[in-house]
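Following the UniProt record's numbering, the residues of the sequence shown are numbered contiguously, the last one being 102. We put the beta carbon where it would ideally sit given N, CA and C, even for glycine. To start, the structure itself, in structure tokens.
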Amino acid sequence: MMCRSPTVNSSILGSKVTVQFLLDNLCFDFSALNSQAFSYELDPVLEPLNQLEPMKAYRYNPGSFIQLEGDNLDLAITKDEVVVLIGEGVCAVMTLTRNHLY
């Protein structure tokens, strides 16, 4: 299920909050469906792919991994949930950390 969340004041970031889903006039408390508390996290920020040559859309060395860099990349998603596409091709995600995706 994908749900848009409202914009929140930065003071709530990282806080545990009560979330309820209303589906077909039935109300579900998130905590009843998931053992982890719901929390708001900072949005991820991706850096340009080629910081050395920003006008070039990518940086790739043959035989190497494509590296995405940024901040907060793993706050609200796991490596197994990430989908990376080049055109219609699906890439294997090898590593996801707070600042790197390989």
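Integer Cβ distance of E41 from L13, believed to fall under 8 Å: Rounded, the Cβ-Cβ distance is 7 Å, consistent with contact.
Collapsed DSSP secondary structure at S39 in the structure displayed: Here S39 sits in strand by DSSP.
8 Å contact criterion, which D80 and N99 should meet: CB distance rounded: Going by Cβ atoms, the distance from D80 to N99 rounds to 19 Å, so no, they are not a contact pair.
Collapsed DSSP secondary structure at K16 in the structure displayed: Here K16 carries a strand assignment [DSSP, helix/strand/coil].
Pairwise C-alpha distance: E47 and D74: D74 and E47: Cα-Cα distance of roughly 15 Å.
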